[in-house]
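Numbering (my numbering), first residue to last: 2 to 169.
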Amino acid sequence: MATSLKTRIDLRISGIYTKTLDLQSSPSKFNILFTDTLANGTGLDQADQEWSDQRTLAATSEEIDLAGSVNDIHGTTLTFAKIKGIYIRNLATTVGYDLAVGGSATNGFINWVGDATDIINIAPGGVFCLYNPSLAGYAVTAGTGDLLKINAGANSITYDIALIGTSA
2 MATSLKTRID
12 LRISGIYTKT
22 LDLQSSPSKF
32 NILFTDTLAN
42 GTGLDQADQE
52 WSDQRTLAAT
62 SEEIDLAGSV
72 NDIHGTTLTF
82 AKIKGIYIRN
92 LATTVGYDLA
102 VGGSATNGFI
112 NWVGDATDII
122 NIAPGGVFCL
132 YNPSLAGYAV
142 TAGTGDLLKI
152 NAGANSITYD
162 IALIGTSA
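In structure tokens:
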């Protein structure tokens, strides 16, 4: 039986910025909204694979093999050819419990950063989100560029992760 994926990406930042003066206030409302959809497929503005999980690292790191080590909700092994979206949320609440993403020295999935040693630090309660709906996406190369490293350092950290991508 064939699978199909419909994806909607929403990112909103909104609020009211106020300065209180002697006799009045000056509220300024802002609402920044980004919305996009990906149709089922492997081309421009398309995706056909999704993987998400809540994971815990106990004072260690892991390398998630994007080309053959993750299973979808139906138990089917996924082999990403391109990543279109990455979402990682650090669920830790303790100051200093940063989650490092990237920095895999061997076979690292690194084309979304400048160098194999580059990392993104996600602070407790923080979120990292990366989105590339282009035809190219972020290429995954089995055996040489397919390991996404997640590092909790000396701490025990639980995190949420979701990946959207294509099979070709």
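C-beta: ideal position from N, C-alpha, C; glycine also.
Please read these numbers as outputs of a predicted model, since none were measured by experiment.
For the beta strand (DSSP E) that contains Ile17, what are its first and last residues? Run containing Ile17: 8–18, per the beta strand (DSSP E) assignment.
Any beta strand (DSSP E) of 3 or more consecutive residues that is wholly inside the segment 129–160: 148–152
Over the uninterrupted beta strand (DSSP E) stretch that includes Leu92, give me the two end residues. Unbroken run through Leu92: none, as it is neither H nor E.
Please determine if the segment 34–46 and the segment 2–9 are in contact, where contact requires at least 3 C-beta pairs separated by less than 8 Å. yes
For Val114, which three-state DSSP category applies? In this structure, DSSP gives Val114 a state outside helix and strand, which the three-state scheme calls coil.
Keeping to the same chain, check which residues put their C-beta closer than 6 Å to that of Asp161; ignore five residues upstream and five downstream. Within the same chain, Gln55, Arg90 come within 6 Å of Asp161 by CB-CB distance, once the 5 residues on both sides are set aside.
For the beta strand (DSSP E) containing Ser29, name the first residue and the last one. 29–41
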